[in-house]
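**Q** Pasting a structure below so you can have a look.
Number of protein chains: 2
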Amino acid sequence: MSTRPDRSKPTREVVLDALETLLLEGGSSAATLEAVAAAAGVSKGGLLYHFGSKEALYQGFLDRLLVESRAEADGTLTAPEGVVAAYLDVSSVATDPSTRSVLAALRLAGVQEVDVEGALVESFEYWYEVIARRIDDPVLARLVQLVGDGLYLHALIGSVQHDEDEQVVARVVALVAEHEAAQG
Amino acid sequence: MSTRPDRSKPTREVVLDALETLLLEGGSSAATLEAVAAAAGVSKGGLLYHFGSKEALYQGFLDRLLVESRAEADGTLTAPEGVVAAYLDVSSVATDPSTRSVLAALRLAGVQEVDVEGALVESFEYWYEVIARRIDDPVLARLVQLVGDGLYLHALIGSVQHDEDEQVVARVVALVAEHEAAQG
DNA sequence: GTCTATAATCGGATAGAC
DNA sequence: GTCTATCCGATTATAGAC
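This is the structure:
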C-alpha cells in the first residue's frame with residue numbers, strides 16, 4: 001500500500017494502525033520502519049517525524065494499547081451479557097479491534113527495545129480486577145480469565161475454533177451462575 | 001558466550017538449545033545467526049554447515065519441538081497424578097524443558113520463514129487428543145486444555161503466578177473427578 | 001509535516017582454507 | 001566439521017530541501 005488509508009485520522013494513529021496490521025500478518029520482523037511507513041501511506045522520514053525511533057514507535061503502540069484495553073474492560077462492566085460472557089465471547093476473539101491490539105502486542109513479545117511483557121501484564125491484571133469485581137469468588141474469577149486467555153492463545157496461533165469452545169464458554173457461564181445462586 | 005556449552009551433545013542439538021534460549025530471552029529479533037552461533041560456541045560458518053539457512057534452522061527447531069512435545073504428552077498418559085493434573089501443573093509452566101520449547105516457539109510466532117503456527121496447532125491438537133482420551137466429555141476436556149493454555153499465555157508474558165492459580169487447578173481437577181464419579 | 005538522499009550498521013549467505 | 005574473510009542486501013537513522 002502506498003496511499004494513505006484514512007486522511008481524517010491523525011497520522012500518528014494511522015501509523016500505529018499500520019504497525020498493528022503488520023505485526024499480525026508477519027510478526028515483529030515484518031514491522032520494519034519502511035514497511036510500516038509504506039502501509040501507513042507516508043515516507044520513512046514522515047514516520048520518523050512522529051516517532052523519533054523504532055523504540056518510540058513501539059512504545060507509542062504499547063501506550064495506546066493500555067488506554068484502549070482499559071476502556072474496553074470498563075465497557076464490559078455495563079455490558080448486557082455481563083463481564084464473564086463478554087470476556088469469553090469466542091466469536092470476538094481475533095476479530096474485535098481491541099483484541100487485535102493485544103494479539104499484535106503478543107507478536108511483539110520478547111523484543112528488547114520496550115517492555116512489552118510489562119504492558120501486557122498490566123492489561124491482563126486490569127482485566128482480572130474487572131472480572132473479580134463481578135464475581136466475588138477470586139478462584140472462580142481467575143478460572144474465567146484463564147479460560148479466556150486460553151482462547152487468546154489459540155487465536156494467536158491462528159488455530160481454528162474447536163466445536164467445543166462455545167460449549168465450554170456456556171459451561172463456565174453456568175458455573176458462575178451457580179455460584180451466584182448459592183450466594184443468594 | 002564464546003565457548004561451547006556441552007561437548008558431549010551433537011552440535012545440532014547444542015545449536016537448537018542456544019536458539020531456544022535466545023528466543024526466550026529476546027524474541028525472534030535477538031535470534032540472529034551470529035548470536036545463535038556465539039551462544040552455541042561455534043562460528044557462523046560452523047552453524048551454517050549444520051543448518052544451511054535461517055529457514056532451515058527454524059524448521060529444525062520446529063521439528064524437534066513436535067517430537068519432544070508428542071513424547072511429553074504420551075508420557076503423561078502413565079503419569080501418577082493423571083493427565084489433567086500433569087497438563088495443569090502450575091509450577092512446571094515456564095521451567096519444564098518441554099514447555100520451554102513451546103514458549104520459545106510462541107516467541108517465534110508470525111515469522112515468515114516457517115509455519116510456526118502450524119507446528120504449534122499440531123502440538124496443541126495432539127495434547128487435546130491425549131487429554132480427551134482420559135476424559136470422555138469433550139467439553140470438559142477442552143476446558144482443561146483452555147485453563148492450561150491460559151497459564152501458558154501468562155508464562156509467555158512472564159506474569160507472576162496468581163495466588164489463585166493453584167486453587168483454580170484444584171477446582172478443575174475436582175470438576176473432572178465429579179464427572180468421573182457421576183459416570184460410575 | 002512530509003519528502004528525498006545518504007550515511008552507517010547489521011544480518012544472511014558464500015567461498016575457500018584448515 | 002569448523003573456521004575466517006568477504007559480499008550484498010536490508011534496516012535504522014540523519015541531514016536538509018520543500
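Chains as they are written, first to last, in the UniProt record's numbering: chain Z, 1 to 184; chain S, 1 to 184. Glycine included, each C-beta is placed from N, C-alpha and C at the ideal position. This structure is a prediction, so every number in the text was calculated from the model and none was measured.
Which residues in the same chain as V84/S place their Cβ atom closer than 8 Å to its Cβ, once the five residues preceding and following it in sequence are excluded?
**A** Within the same chain, V84/S has close Cβ partners I131, R134, I135, V144, V172, V173, V176.
**Q** Would a check of beta-carbon distances place F124/Z closer than 8 Å to chain S?
**A** Yes, F124/Z lies at the interface with chain S (some Cβ there is under 8 Å from its Cβ).
**Q** Closer than 9 Å between beta carbons: that is the criterion. Which residues of the stretch 132-147 of chain S meet it against chain Z?
**A** Under the 9 Å Cβ criterion, the stretch 132-147 of chain S contributes P138, V139, L140, A141, R142, L143, Q145, L146, V147.
**Q** Taking C-alpha atoms, which residue in D137/Z, Q183/Z, A38/Z, A155/Z lies nearest to Q167/S?
**A** For Q167/S, the nearest C-alpha among the options comes from D137/Z.
**Q** Could you tell me the boundaries of the alpha helix (DSSP H) in which F61/S lies?
**A** From DSSP, the alpha helix (DSSP H) with F61/S extends over 54-76.
**Q** Quick one: measure Cβ to Cβ for A39/Z and T21/Z, integer angstroms, because I've assumed they're closer than 8 Å.
**A** At roughly 6 Å, the Cβ-Cβ gap stays under 8 Å, so A39/Z and T21/Z are in contact.
**Q** Is Y152/Z near L24/S, with beta carbons less than 8 Å apart?
**A** No, they are not a contact pair.
**Q** Restricting to Cα atoms, I'd like to know which of P97/S, G52/S, A155/S is closest to A17/S.
**A** Sequence inspection shows Asp at residue 17/S; the Ala mentioned does not correspond to that position. If we check each option's Cα against that of D17/S, P97/S comes out closest.
**Q** So with CB distances below 9 Å, who are the chain Z contacts of G30/S?
**A** Going by the sequence as given, residue 30/S is Ala instead of Gly. Chain Z residues near A30/S: G110, V111, Q112.
**Q** In the stretch 99-124 of chain Z, which residue ranges form an unbroken beta strand (DSSP E) of at least 3 residues, counting only runs that do not cross its ends?
**A** With a minimum length of 3 residues, no continuous beta strand (DSSP E) run stays inside the stretch 99-124 of chain Z.
**Q** Given that D36/S touches chain Z, what residues does it touch there, using C-beta distances under 9 Å?
**A** Residue identity check: residue 36/S is Val in the sequence provided, not Asp. Result: empty, since nearest Cβ-Cβ is about 15 Å, beyond 9 Å.
**Q** Which term fits D165/Z, buried or exposed, when burial requires 16 or more other beta carbons within 10 angstroms of its beta carbon?
**A** Counting Cβ neighbours within 10 Å, D165/Z comes out buried, since at least 16 surround it.
**Q** Pull out every residue of the stretch 154-184 of chain Z whose Cβ sits closer than 9 Å to any Cβ of chain S, in chain order.
**A** Of all residues in the stretch 154-184 of chain Z, H154, L156, I157, G158, S159, V160, H162, D163, E164, D165, Q167, V168, A170, R171, V172, L175 have a Cβ within less than 9 Å of some Cβ in chain S.
**Q** For the stretch 58-74 of chain S, which residues have a beta carbon sitting closer than 7 Å to at least one beta carbon of chain Z?
**A** Flagged: no residues at all.
**Q** Between the alpha carbons of T11/Z and L48/Z, how many angstroms are there, rounded?
**A** Rounded to the nearest angstrom, the two C-alpha atoms are 11 Å apart.
**Q** Give the secondary structure of D17/Z by DSSP, where H, G and I count as helix, E and B as strand, and everything else as coil.
**A** In this structure, D17/Z counts as helix in the three-state DSSP scheme.
**Q** Apply the 10 Å Cβ neighbour rule to T78/Z and answer buried if 16 or more other Cβ atoms are within range, or exposed otherwise.
**A** With fewer than 16 Cβ atoms within 10 Å of its Cβ, T78/Z is classed as exposed.
**Q** Distance, Cα to Cα, P80/Z vs E125/Z?
**A** Going by the C-alpha atoms only, they are around 23 Å apart.
**Q** Can you find a C-beta in chain S that's less than 8 Å from the C-beta of M1/Z?
**A** Note on M1/Z: pLDDT 49, under 50, position unreliable in the model; no value is reported.
**Q** From D89/S to V169/S, what does the alpha carbon distance come to, in whole angstroms?
**A** Taking the straight line from one Cα to the other gives about 8 Å.
**Q** Where do the N-terminal and C-terminal ends of the alpha helix (DSSP H) with G46/Z fall, by residue?
**A** Element bounds for G46/Z: 44-50.
**Q** For Y87/Z, return the contacting residues in chain S, with the cut-off set at a CB-CB distance below 7 Å.
**A** Neighbours of Y87/Z on chain S: none; closest Cβ ~11 Å, over 7 Å.
**Q** Taking C-alpha atoms, which residue in T99/Z, Q112/Z, G46/Z, A94/Z lies nearest to Y58/Z?
**A** Comparing Cα positions, the closest option is Q112/Z.
**Q** Please work out which residues of its chain come closer than 7 Å, Cβ to Cβ, to residue 204/S, disregarding the five sequence neighbours upstream and downstream, and give them in chain order.
**A** No information on residue 204/S is available, as it lies outside the stretch 1 to 184 that chain S covers here.
**Q** Just verifying my parser: in three-state terms, what is the DSSP assignment at G26/S?
**A** In this structure, G26/S counts as helix in the three-state DSSP scheme.
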